[in-house]
Amino acid sequence: MSRPSNADGIDNFMNLPEIHFLEGPSSRWDNLKFVANIAWEFIRGFRALHFSGPCVAVFGSARFTESNPYYGTTRQLSAEIAKLGFTIMTGGGPGLMEAANRGARDVGGRSVGCNIVLPMEQQHNPYLDKWVNIRYFFVRKTLLIKYSYAFVIVPGGFGTLDELFEAMTLIQTGKIKDFPVIIFGREFHQELVEHIEKMRRLKTISESDLQMFLVTDSIDEAVALIRKTIQKYGLTRAQRKPSRLLGERW
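Heads up: the sequence shown is residues 72 to 321, going by our numbering.
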């Protein structure tokens, strides 16, 4: 039976190499090519973001427009974080990602993005000083985690929650340091927080795990927590210089 096609990019999506990889066992040669593609994705990401840190990652919806109140709040919050000397890092797309990058731009801070390539391609927003396009979500998540010293969660969807629980799992298991995780927007995240409390009550997480994150509506409270990260870890801007030989630039 032939697979139906349509104008929504489904055919292109089904032809992506990661879809074929996840279909099941492949030849050794196909597996080797896949690993080489992944390695190249990481190298491209490392080259693009090498001079960006230290960063604060802001995760949020691509679907909220400038008319949404969360857009302005995210923009303001990111501006205040950028004033501390952090680079604002996002998924590079529109919506609240754009608001975060725009906030950094407002105050002369650095703004970078790690954009995902989708069937209906997500374009990077115009407030980025630098960005890299990544095909694989897990590569993108690794890059976003690698360069960030705090994680700010503003209202979003599945992808935003994926990033939230990725960061908290890595902190919980000691794979990264106990960097701040800020869940911004009490009303939007009310049911999420209630479910986390249910997990604590049923002991699928520990009592101490509730100390890993802050839920707030206060920009001042969020910024104060991130400021403590500077004091705790003595963060300064990386002093690396681009290599002309390697074709590097900020």
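Ideal Cβ placement from N, Cα and C applies to all residues, glycine included.
Which same chain residues, not among the five before or five after residue i, have their C-beta less than 7 angstroms away from its C-beta?
i, result
"L306", "P125, Y220, T300"
"L281", "R271"
So the alpha helix (DSSP H) residue i belongs to, where does it begin and stop?
i, result
"K154", "140-154"
"I114", "99-120"
"F236", "229-243"
"V264", "261-272"
Looking at the strands, I want to know which residues DSSP matches up with residue i.
i, result
"F130", "I224"
"V294", "According to DSSP, V294 bridges with nothing at all."
Grab the span of the beta strand (DSSP E) containing residue i for me, first residue to last.
i, result
"V178", "Careful: V178 lies outside any beta strand (DSSP E) and carries neither H nor E."
"I205", "201-205"
"T213", "Looking at the DSSP string, T213 is not in any beta strand (DSSP E); the run it does join, the alpha helix (DSSP H), is 208-217."
Confirm, please, whether the CB-CB distance from residue j to residue i is below 8 angstroms.
i, j, result
"S149", "G174", "yes"
"V294", "V264", "no"
"I224", "F208", "no"
"E258", "F130", "no"
"I167", "Y141", "According to the sequence shown, residue 167 is Leu rather than Ile. Against a cut-off of 8 angstroms, the Cβ pair of Y141 and L167 comes out as a contact."
"G156", "G184", "no"
"V210", "E112", "yes"
"S132", "G256", "no"
"G123", "Y218", "Note that residue 123 corresponds to Ser in the displayed sequence, not to Gly. The answer is yes: Cβ separation under 8 angstroms."
"A171", "T161", "yes"
"M283", "I242", "yes"
"G34", "V203", "There is no way to answer for residue 34, as the model of the chain reaches only from 72 to 321."
Reducing DSSP to helix, strand and coil, say where residue i ends up.
i, result
"L285", "strand"
"I19", "The shown model of the chain, from 72 to 321, leaves out residue 19, and the question about it has no answer."
"N186", "strand"
"V275", "Reading off the sequence shown, one finds Thr at residue 275, where the question assumed Val. It is coil, neither helix nor strand."
"T300", "helix"
"I81", "Note that I81 scores 41 on pLDDT, short of 50, meaning its location in the model is unreliable and no value can be drawn from it."
So is residue i in contact with chain D if we call contact Cβ pairs under 8 angstroms?
i, result
"A170", "The structure shown contains no chain D; it holds only a single protein chain."
Considering only residues of the same chain and omitting the five flanking positions on each side of residue i, which have a CB-CB separation below 6 angstroms?
i, result
"G180", "A153"
"D177", "A150"
"F250", "Y220, A221"
With a CB to CB cut of under 8 angstroms and the five nearest residues on each side skipped, what residues in its chain are close to residue i?
i, result
"E237", "K212, I216"
"Q147", "G174, I290"
"Y304", "Y220, K248"
"Q302", "none"
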